[in-house]
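Listed in order, the protein sequences are those of chains A and B. Sequential numbering of the first sequence, starting at 0, is according to numbering that gives the first Met the number 0. Sequential numbering of the second sequence, starting at 0, is according to numbering that gives the first Met the number 0.
Protein chains: 2
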Amino acid sequence: MNKLEDFGSKDFLDLLFKPKNVLIYDAKPKISFFVDGFIRQGYNLENLYLVSTKDEEILGIKCLKSVDNVPVDSIDLVILSVRRDDLVKELLNLLSRKIVKFIHIFTAGTGEFDEKGVKIEREIKEILNAYPSTRSIGPNCMGLYCPLGKIAYYSSFPTENGAVGLIFQSGDLHSKMVKFSARRYNIRFSKGVSVGNCVDIQVSEFLQYFNEDNETQVICVYFEGLPVLYKNEGRRLLEVLKNMRKPVLFMRGGRTERGQAAVLTHTGSLASKGDIWKAIFKQTPIIEVPPSLDELIDYTYLFSTHIQNYKEKNKEVEYPKFKNVLVILWSGGFGILATDILTELGLNLPIISGKKLDALKQIYPIKIGSLCNPLDMPWIISSKVYLEVCKAAVDDTIDLVLVVTDSWKDLDDERFKNFYNNLLGIKEHVHSLDKILMIILPQYPSESRKILSNKLKNDGFFVYRSIESAAKSFLKLYEYGKKRKVAL
Amino acid sequence: MNKLEDFGSKDFLDLLFKPKNVLIYDAKPKISFFVDGFIRQGYNLENLYLVSTKDEEILGIKCLKSVDNVPVDSIDLVILSVRRDDLVKELLNLLSRKIVKFIHIFTAGTGEFDEKGVKIEREIKEILNAYPSTRSIGPNCMGLYCPLGKIAYYSSFPTENGAVGLIFQSGDLHSKMVKFSARRYNIRFSKGVSVGNCVDIQVSEFLQYFNEDNETQVICVYFEGLPVLYKNEGRRLLEVLKNMRKPVLFMRGGRTERGQAAVLTHTGSLASKGDIWKAIFKQTPIIEVPPSLDELIDYTYLFSTHIQNYKEKNKEVEYPKFKNVLVILWSGGFGILATDILTELGLNLPIISGKKLDALKQIYPIKIGSLCNPLDMPWIISSKVYLEVCKAAVDDTIDLVLVVTDSWKDLDDERFKNFYNNLLGIKEHVHSLDKILMIILPQYPSESRKILSNKLKNDGFFVYRSIESAAKSFLKLYEYGKKRKVAL
Numbered sequence: 000m001n002k003l004e005d006f007g008s009k010d011f012l013d014l015l016f017k018p019k020n021v022l023i024y025d026a027k028p029k030i031s032f033f034v035d036g037f038i039r040q041g042y043n044l045e046n047l048y049l050v051s052t053k054d055e056e057i058l059g060i061k062c063l064k065s066v067d068n069v070p071v072d073s074i075d076l077v078i079l080s081v082r083r084d085d086l087v088k089e090l091l092n093l094l095s096r097k098i099v100k101f102i103h104i105f106t107a108g109t110g111e112f113d114e115k116g117v118k119i120e121r122e123i124k125e126i127l128n129a130y131p132s133t134r135s136i137g138p139n140c141m142g143l144y145c146p147l148g149k150i151a152y153y154s155s156f157p158t159e160n161g162a163v164g165l166i167f168q169s170g171d172l173h174s175k176m177v178k179f180s181a182r183r184y185n186i187r188f189s190k191g192v193s194v195g196n197c198v199d200i201q202v203s204e205f206l207q208y209f210n211e212d213n214e215t216q217v218i219c220v221y222f223e224g225l226p227v228l229y230k231n232e233g234r235r236l237l238e239v240l241k242n243m244r245k246p247v248l249f250m251r252g253g254r255t256e257r258g259q260a261a262v263l264t265h266t267g268s269l270a271s272k273g274d275i276w277k278a279i280f281k282q283t284p285i286i287e288v289p290p291s292l293d294e295l296i297d298y299t300y301l302f303s304t305h306i307q308n309y310k311e312k313n314k315e316v317e318y319p320k321f322k323n324v325l326v327i328l329w330s331g332g333f334g335i336l337a338t339d340i341l342t343e344l345g346l347n348l349p350i351i352s353g354k355k356l357d358a359l360k361q362i363y364p365i366k367i368g369s370l371c372n373p374l375d376m377p378w379i380i381s382s383k384v385y386l387e388v389c390k391a392a393v394d395d396t397i398d399l400v401l402v403v404t405d406s407w408k409d410l411d412d413e414r415f416k417n418f419y420n421n422l423l424g425i426k427e428h429v430h431s432l433d434k435i436l437m438i439i440l441p442q443y444p445s446e447s448r449k450i451l452s453n454k455l456k457n458d459g460f461f462v463y464r465s466i467e468s469a470a471k472s473f474l475k476l477y478e479y480g481k482k483r484k485v486a487l
Numbered sequence: 000m001n002k003l004e005d006f007g008s009k010d011f012l013d014l015l016f017k018p019k020n021v022l023i024y025d026a027k028p029k030i031s032f033f034v035d036g037f038i039r040q041g042y043n044l045e046n047l048y049l050v051s052t053k054d055e056e057i058l059g060i061k062c063l064k065s066v067d068n069v070p071v072d073s074i075d076l077v078i079l080s081v082r083r084d085d086l087v088k089e090l091l092n093l094l095s096r097k098i099v100k101f102i103h104i105f106t107a108g109t110g111e112f113d114e115k116g117v118k119i120e121r122e123i124k125e126i127l128n129a130y131p132s133t134r135s136i137g138p139n140c141m142g143l144y145c146p147l148g149k150i151a152y153y154s155s156f157p158t159e160n161g162a163v164g165l166i167f168q169s170g171d172l173h174s175k176m177v178k179f180s181a182r183r184y185n186i187r188f189s190k191g192v193s194v195g196n197c198v199d200i201q202v203s204e205f206l207q208y209f210n211e212d213n214e215t216q217v218i219c220v221y222f223e224g225l226p227v228l229y230k231n232e233g234r235r236l237l238e239v240l241k242n243m244r245k246p247v248l249f250m251r252g253g254r255t256e257r258g259q260a261a262v263l264t265h266t267g268s269l270a271s272k273g274d275i276w277k278a279i280f281k282q283t284p285i286i287e288v289p290p291s292l293d294e295l296i297d298y299t300y301l302f303s304t305h306i307q308n309y310k311e312k313n314k315e316v317e318y319p320k321f322k323n324v325l326v327i328l329w330s331g332g333f334g335i336l337a338t339d340i341l342t343e344l345g346l347n348l349p350i351i352s353g354k355k356l357d358a359l360k361q362i363y364p365i366k367i368g369s370l371c372n373p374l375d376m377p378w379i380i381s382s383k384v385y386l387e388v389c390k391a392a393v394d395d396t397i398d399l400v401l402v403v404t405d406s407w408k409d410l411d412d413e414r415f416k417n418f419y420n421n422l423l424g425i426k427e428h429v430h431s432l433d434k435i436l437m438i439i440l441p442q443y444p445s446e447s448r449k450i451l452s453n454k455l456k457n458d459g460f461f462v463y464r465s466i467e468s469a470a471k472s473f474l475k476l477y478e479y480g481k482k483r484k485v486a487l
């Protein structure tokens, strides 16, 4: 019997993220965050069963004494939290009493911890082999998040759904990813899973699932290494990565030898050598992300919003084909820094000269500043001529427009309105050419920045905190466009 | 007559930053920010003369009709703001009527703009040569900031003084530096100057001045290039840089060829080749900063606070001698990322094993997490054992301790207090060993982060937003320690 074909199908795995009923065993106050997460997401509590050996109720929900008291025979998802020494016994006990589709083994301290823990994982694997219709995630993982399935392991996770799917070999990074990216960029998620030590379902299987999942448009992976118990997972992962038809932002832990040593104590995975990964990133459409959650969040923001913008217009997604950038700002010095940073990152700033420069000067005969790119136009950000110059400067040869601004605070209401309308006008023009516009607001932390940033995001602008974060994000989108073209 | 020896002395230049009287000409509403700055800093307005050709009063201060109406013969500082075509005429007019020690030429659109502007600068230089006791900054610059002299060109600049001196070839970057670093890290300044096109006083002269200035401990420079009119400034700058006895954080605009092209339109300076600068940074104790204001601010924060901490204890400043780092956190995944980032940046994470590991396990027999560095100790940050383990782990072989935390929000008051006391305990221990402790609060933007961050800073902690920014800052301090040792 092939477990993957029968109980790894898209339809079957849907149930993991949208379980019709859930059992938590052994429910205790220490893991009440699970219950809290279900309550917050609005899960139907009639279908949530808590079995507890010690507690009568948790967060107002009555606990049952034993699995035998659970009034249904078949359970979609069990969250299993018992001492590691009881894991094997309790698992057998559970499977002999109920038909279970998925088990999330929360218990930690197994394969990542010591030899005894490795032995426990081997035994779990054998049991699961004997119950082929039962699939499992973990051990040593936080588990699942799916707003449409109304499940989450923390109450702080947003209840609205989005188009980003997460496959993380770290529960903490998974939850930081959800919370930080929601807070910084209002990013929302389709489904997320913290996979842990992968004694059954592998990263490759979730990738395949998200590839087919219509609710997911962008996939983020935090990967530490291959499982000791599945020798073929490396080859399989490579095959799956080759065939991904959606952007996969792939952050790898254990890039350095020292990091690999640390991986052993975390998920007990076999960290793999850097040169193998170099080859994998070359052969597949996968986008490598450096070991920085901040960068992963920046990139996720751009990819997911970019794709969403095209979906809303019912258009095929376009990716940048070249790397020509126009910078618009109000500061000579910042313009020099921007030019250096962008050039060092590999972008081109075409110098505006000759007829094009003459045309710009005709619109705006500057006395200070520059129109050669960067457009350094002090004092006039609220005037009509500002918008005209910007529009004339952005033609089809430009792929990315960066507007840096930190002077909104000094504007009175009337001037702010005019300035903001100028930004809207630039956006309309840039988008009509199928190009990308980003606004850089360097003035953090400040209350007025927060207000403007939210306003801009609500109006469909990309807002970044620095030239560097904006440019790096753009370059990832460009890289994906190129890789995708080769793959097509 | 040698202008530099007589009118470039420390005592003479002190007057530039602490002028006993100031004249602004031609005062107009458009440049009222100068007046606003003086008012905010508490400058004695009886000694501030506004001469205006058009306006009767500005911000409540009566304007005089002509320079002839100014009731004193000698003026320490004139801020000159006239049309560029009138610059030469007005300068001659002014110098024939009054004894002027310093002129800040605010007028822009000269040497950076076109050939005519270059010619104007040549004429200004000739006039100043004829008046050797009059020194000048600019043209094309925002000018001066000195809280102790009660002068500033923006009202938003802090009125408290600090130990950081600024020499910037960009007024906008200069003001961003002041505002952003005050907001982010509460950094304060001794003196700052936006130098502009340097028709008289050069960057090298200000460096020499700050080197001798007891009010300044750390010097930040934003440099674009050498002046066209002073062929010897390159050589002189190199000599001065070689002999700096204080940390100089040096950010260079025009690192790339494309950036050099942009420099021409900004300050009209001769940008210099990268390989020359490579040699300069090798031969001098100067610290190179990449083209990022954010990084300059991060480094300034560490350098100035680090030195201040030693001054307060009346101790000779110690710099880190090695690059061994211990990471303390609550998250396996984040620990892996931290290990990779730190290793890739060139830091060492000594693996804790053998007897030291046994000793730690004796204090805290962990069941999940790791004590091998990173110390990954979930759930116990409020307990006494947490502090004990941290103290036992930090010995003289460790140069930097990074504590990453984002879980304070989930703690009740009692637990938060215990957790905070643990942090204080770690700090006391780390400082007793003359080592550096940094706290990483990745959970931005959030209100609770802001509150905790301010509390920590007030209690003398270094607080950073990411592992990367903390580690890069530490590495600059380490680099300076090494360079300084060679120079001694």
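For each residue, glycine too, the CB sits at the ideal point set by N, CA and C.
For this session: Please compile the residues from chain B whose C-beta is within a distance smaller than 7 Å of the C-beta of A:Ala-107.
Result: Looking up residue 107 of chain A in the first sequence gives position 108. For a Cβ distance threshold of 7 Å, residue set Ile-367 of chain B lies close to A:Ala-107, ordered along the chain.
Problem set entry | Within 7 Å of chain B by C-beta, residues of the stretch 219-230 of chain A in sequence order | Within the stretch 219-230 of chain A, the residues whose Cβ lies closer than 7 Å to any Cβ of chain B are, in chain order, Tyr-221, Glu-223.
For this session: Tell me whether the beta-carbon of A:Lys-366 lies closer than 7 Å to the beta-carbon of B:Gly-253.
Result: Numbered from 1 along the first sequence, position 367 holds the residue referred to as residue 366 of chain A. Numbered from 1 along the second sequence, position 254 holds the residue referred to as residue 253 of chain B. Contact: no.
Exercise. Between the C-alpha atoms of B:Gln-168 and B:Glu-287, what's the straight-line distance to the nearest angstrom?
Worked result: In the second sequence, counting from the first residue as 1, residue 168 of chain B sits at position 169. In the second sequence, counting from the first residue as 1, residue 287 of chain B sits at position 288. So the two alpha carbons sit approximately 16 Å from each other.
Problem set entry | Own chain residues within Cβ distance below 6 Å of A:Glu-89, not counting five before or after | The residue labelled residue 89 of chain A in the question sits at position 90 within the first sequence. Taken in chain order, the residues that qualify are Val-81.
Problem set entry | Start-to-end residues for the beta strand (DSSP E) that takes in B:Val-384 | Numbered from its first residue, the second sequence carries residue 384 of chain B at position 385. Counting along the chain, B:Val-384 falls outside any beta strand (DSSP E), though it belongs to the alpha helix (DSSP H) covering 383-392.
Exercise. When the cut-off is 7 Å and only beta carbons count, does A:Gly-331 lie next to chain B?
Worked result: As a working note, residue 331 of chain A is residue 332 in the first sequence. Yes, contact with chain B.
Exercise. Which value, in whole angstroms, describes the spacing of the CA atoms of A:Leu-346 and A:Gly-334?
Worked result: The sequence position of residue 346 of chain A within the first sequence is 347, counting from 1. The sequence position of residue 334 of chain A within the first sequence is 335, counting from 1. Cα-Cα distance, rounded: 15 Å.
Problem set entry | Bridge-paired residues (DSSP) for B:Tyr-48 | Counting from one through the second sequence, the residue named residue 48 of chain B turns up at place 49. Residue pairing by DSSP places B:Tyr-48 opposite B:Leu-22 in a beta bridge.
Exercise. Run through DSSP, which three-state label would A:Arg-257 get?
Worked result: Against the first sequence, residue 257 of chain A aligns to sequence position 258. Here A:Arg-257 sits in helix by DSSP.
For this session: Report the residue from A:Tyr-443, A:Tyr-479, A:Lys-481 whose alpha carbon sits nearest the alpha carbon of B:Phe-179.
Result: For the purposes of this step, residue 179 of chain B is taken as residue 180 along the second sequence, with counting starting at 1. Per the Cα distances, A:Tyr-443.
Exercise. Would the stretch 313-330 of chain A and the stretch 3-21 of chain B be scored as touching if the rule is three or more Cβ pairs under 8 Å?
Worked result: No: the two stretches stay apart, fewer than three of their Cβ pairs being nearer than 8 Å.
Exercise. By how many angstroms is the C-alpha of A:Tyr-479 removed from the C-alpha of A:Ala-337?
Worked result: The residue given as residue 337 of chain A occupies position 338 in the first sequence. The residue given as residue 479 of chain A occupies position 480 in the first sequence. Approximately 24 Å, taken between the alpha carbons.
Exercise. So which of A:Val-384, A:Ile-285, A:Asp-171 has the shortest CA-CA distance to B:Ser-406?
Worked result: The residue given as residue 406 of chain B occupies position 407 in the second sequence. Comparing Cα positions, the closest option is A:Asp-171.
For this session: Could you give the DSSP three-state label for A:Ser-31: helix, strand or coil?
Result: Along the first sequence, read from residue 1 onward, the residue named residue 31 of chain A stands at position 32. In this structure, A:Ser-31 counts as helix in the three-state DSSP scheme.
Exercise. Around the Cβ of A:Gln-282, are there at least 16 other Cβ atoms within 10 angstroms (buried) or fewer (exposed)?
Worked result: As a working mapping, residue 282 of chain A is identified with position 283 in the first sequence. Burial call: exposed.
Exercise. Among the residues of its own chain, which have a CB less than 7 Å from the CB of A:Thr-396, if the five just before and after it don't count?
Worked result: On the first sequence, residue 396 of chain A is found 397 positions in, with the first residue counted as 1. For A:Thr-396, the CB contacts under 7 Å within the same chain, skipping 5 residues up- and downstream, are Asn-323, Pro-349 in chain order.
Exercise. Using a C-beta cutoff of 7 Å, does A:Gly-273 count as contacting chain B?
Worked result: Position 274 of the first sequence, counted from the first residue, corresponds to residue 273 of chain A. Contact with chain B is absent for A:Gly-273, since none of that chain's Cβ atoms lies less than 7 Å from the residue's Cβ.
Exercise. Can we count B:Leu-94 as close to the ligand ADP, meaning its CB is less than 6 Å from some heavy atom?
Worked result: For the structure depicted, the ligand ADP is absent and the ligand set is empty, with no information on it obtainable.
Problem set entry | Positions along the stretch 332-358 of chain A whose CB lies within less than 7 Å of some CB in chain D | In the structure shown, chain D cannot be found, because the protein chains are A and B.
For this session: From the DSSP output, in three-state form, read off A:Val-77 for me.
Result: Start at 1 with the first residue of the first sequence, and residue 77 of chain A comes out as number 78. Reduced to three states, the DSSP call for A:Val-77 is strand.
For this session: Specify the secondary structure class of B:Glu-287 as computed by DSSP and reduced to three states.
Result: One-based indexing of the second sequence puts residue 287 of chain B at position 288. In the structure shown, B:Glu-287 sits in a strand (DSSP, three-state: E or B).
Exercise. Which bits of chain A does B:Gln-442 rub up against, with CB to CB less than 9 Å?
Worked result: Here residue 442 of chain B refers to the residue found at position 443 of the second sequence. The contacting residues are Lys-175, Lys-178, Phe-179, Arg-182.
For this session: Look up B:Ser-221 in the DSSP assignment and give the residues it is bridged to.
Result: As a working mapping, residue 221 of chain B is identified with position 222 in the second sequence. Sequence inspection shows Tyr at residue 221 of chain B; the Ser mentioned does not correspond to that position. Bridge partners of B:Tyr-221: B:Phe-167, B:Met-250.
Problem set entry | Nearest to B:Leu-440 (by Cα), restricted to the options B:Ile-340, B:Asn-421, B:Ser-465, B:Lys-426 | Looking up residue 440 of chain B in the second sequence gives position 441. If we check each option's Cα against that of B:Leu-440, B:Ser-465 comes out closest.
Problem set entry | Residues that A:Arg-257 contacts on chain B, provided the C-beta gap is smaller than 9 Å | Translated into positions along the first sequence, residue 257 of chain A becomes position 258. Here the neighbours are Thr-338, Asp-339, Leu-341, Thr-342, Asn-347, Leu-348, Ile-350.
For this session: State the start and end residues of the unbroken alpha helix (DSSP H) segment that holds A:Arg-235.
Result: By 1-based counting over the first sequence, the position of residue 235 of chain A is 236. Residues 232-241.
Exercise. Does the stretch 134-147 of chain A come close enough to the stretch 286-303 of chain A that 3 or more CB-CB pairs lie under 8 Å?
Worked result: Because the criterion of three Cβ pairs below 8 Å is not met, the stretch 286-303 of chain A and the stretch 134-147 of chain A do not touch.
Problem set entry | First through last residue of the beta strand (DSSP E) which encompasses A:Arg-134 | Reading the first sequence from its first residue, position 135 is the one you call residue 134 of chain A. Unbroken beta strand (DSSP E) run through A:Arg-134: 134-136.
For this session: Determine, using beta carbons only, whether B:Gly-252 comes closer than 7 Å to chain A.
Result: Position 253 of the second sequence holds residue 252 of chain B. Cβ-Cβ to chain A under 7 Å: yes for B:Gly-252.
For this session: Would you mind telling me which residues of chain A sit closer than 8 Å to B:Leu-172, beta carbon to beta carbon, in chain order?
Result: Numbered from its first residue, the second sequence carries residue 172 of chain B at position 173. Simply Ser-330, Gly-332, Phe-333, Leu-336.
Exercise. In this structure, does DSSP put A:Leu-346 in helix, strand or coil?
Worked result: The residue given as residue 346 of chain A occupies position 347 in the first sequence. Correct three-state label for A:Leu-346: coil.
For this session: Consider the Cβ of A:His-430: report whether some Cβ of chain B lies at a distance smaller than 7 Å.
Result: Residue mapping note: residue 430 of chain A aligns to position 431 of the first sequence, counting from 1. Taking 7 Å as the CB threshold, A:His-430 stays off the interface with chain B.
For this session: Tell me, please, whether the CB atom of B:His-511 is closer than 7 Å to any CB atom in chain A?
Result: Outside the shown range of chain B, which is 0 to 487, sits residue 511 of chain B, and nothing can be said about it.
Exercise. Based on the DSSP secondary-structure assignment, which residues constitute the bridge partners of B:Asn-323?
Worked result: Here residue 323 of chain B refers to the residue found at position 324 of the second sequence. Beta-bridge pairing links B:Asn-323 to B:Asn-347.
Problem set entry | Any C-beta of chain A under 7 Å from that of B:Ser-73 | Position 74 of the second sequence, counted from the start, is the residue given in the question as residue 73 of chain B. No, its Cβ sits nowhere closer than 7 Å to a Cβ of chain A.
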